[in-house]
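Take any residue in the sequence shown, count from 1 to its spot, add 50: that is its number in this note's numbering.
By construction, the Cβ of each residue, glycine as well, lies at the ideal position given by its N, Cα and C atoms.
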Amino acid sequence: MTAYWIAQAVGVLAFLVGITTFINRDEKRFKLQLAAYSAIIGLHFFLMGASPAGMSAELNAIRTVISLRTRSLWVMTIFIALTLGLGLAKINHLVELLPIIGTVASTWVLFRCKGLTTRCVMWCSTACWVTHNFWLGSIGGTLIEGSFLVMNGLNIIRFWRMQKRGIDPFSVEKKVQEREELPAVADGEK
51 MTAYWIAQAV GVLAFLVGIT TFINRDEKRF KLQLAAYSAI IGLHFFLMGA SPAGMSAELN
111 AIRTVISLRT RSLWVMTIFI ALTLGLGLAK INHLVELLPI IGTVASTWVL FRCKGLTTRC
171 VMWCSTACWV THNFWLGSIG GTLIEGSFLV MNGLNIIRFW RMQKRGIDPF SVEKKVQERE
231 ELPAVADGEK
């Protein structure tokens, strides 16, 4: 019984770390906070005996950090293959497919998309995770993913409304990316 409550405490810790993730408009801070959350919630899932979800979450953490450095199709493909290979090998229940589907979707979006599209696909990924976490009985996991679902959904609506008014909610992010790309262009790396 003590192990169960330790696992639940780690899930609540993940909840506390992840609660403000989707408020970030800055892509780098968004991804770093998402990686920290994923690492902690992965530990929670392993402690709960949910290996496919644990592997998916830990791969999410590594993948999210790597996606800050590269948007390579090869790297994306490697993470999708790892997610499918490691996750599918340990499935005992059909519901355990949901975190794998969510991880594949979020892997694709982190390597191929930006801005509002990223938030929308992440919302769908979150719906997979919250369903799984509720089924598993993960208190912290259900709370955080449910919170992600609501917070990210509200931010999607807010960012979409900003875009309809001609305001780019991701302009700060774009300017930072342009500044980071300038030295690489000047050095002939691109």
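### Coarse secondary structure for residue 143, derived from DSSP in three states
What you label residue 143 is simply residue 93 of the sequence shown in a count that begins at 1. DSSP places residue 143 in coil when its eight states are reduced to three.
How many Å lie between residue 240 and residue 121 at the Cα?
-> The count along the sequence shown starts at 1 and reaches residue 240 at position 190. The count along the sequence shown starts at 1 and reaches residue 121 at position 71. Only weak support is given to the placement of residue 240: the predicted model assigns it a pLDDT of 44, under 50, and the question is left unresolved by the model.
query = What are the boundary residues of the alpha helix (DSSP H) that includes residue 211?
reply = Reading the sequence shown from its first residue, position 161 is the one you call residue 211. Here the alpha helix (DSSP H) through residue 211 covers 189–214.
Checklist entry - Going straight from the alpha carbon of residue 108 to that of residue 91, what length do you get? => result As a first step, residue 108 must be located in the sequence shown, where it is residue number 58. As a first step, residue 91 must be located in the sequence shown, where it is residue number 41. Going by the C-alpha atoms only, they are around 8 Å apart.
If contact is defined by three or more beta carbon pairs under 8 Å, each pair taking one atom from either stretch, is the region 157–169 in contact with the region 180–197? no
Three or more C-beta pairs under 8 Å: does that hold for the region 177–188 against the region 147–155? Contact holds between the region 177–188 and the region 147–155, because three or more Cβ pairs, one in each stretch, are under 8 Å apart.
Open item on the list: Could you check whether residue 57 and residue 88 sit closer than 7 Å to each other, using their CB atoms as the reference points?
Closed with: Position 38 of the sequence shown, counted from the start, is the residue given in the question as residue 88. Position 7 of the sequence shown, counted from the start, is the residue given in the question as residue 57. No.
### Task
Determine the extent of the alpha helix (DSSP H) in which residue 163 is found, giving its start and end residues.
Against the sequence shown, residue 163 aligns to sequence position 113. Segment: none, residue 163 is in no alpha helix (DSSP H) and carries neither H nor E.
Between the Cα of residue 85 and the Cα atoms of 153, 199, 178, which residue gives the shortest distance? In the sequence shown, the residue the question calls residue 85 occupies position 35. The alpha carbon of residue 85 has as its nearest neighbour, out of 153, 199, 178, the alpha carbon of 153.
| Among 131, 133, 175, 141, which residue has its Cα nearest to the Cα of residue 99? | Locating residue 99 in the sequence shown gives position 49, counting from the first residue. Minimum Cα distance to residue 99 is reached at 141.
*asked:* Suppose the cutoff is 8 Å on Cβ atoms and the five residues either side in sequence are ignored; what does the same chain contact list for residue 206 look like?
replied: For the purposes of this step, residue 206 is taken as residue 156 along the sequence shown, with counting starting at 1. For residue 206, where only same-chain residues beyond five positions count, the Cβ hits under 8 Å are 166, 169, 170, 173.
Exercise for review: Please classify residue 104: is it buried, with 16 or more other beta-carbons within 10 angstroms of its beta-carbon, or exposed?
Suggested key: Position 54 of the sequence shown, counted from the first residue, corresponds to residue 104. It is buried - the Cβ of residue 104 has at least 16 other Cβ atoms within 10 Å.
Legend entry - Option in 128, 119, 212, 106 with minimal Cα separation from residue 77: By 1-based counting over the sequence shown, the position of residue 77 is 27. With distances taken between Cα atoms, residue 77 lies closest to 119.
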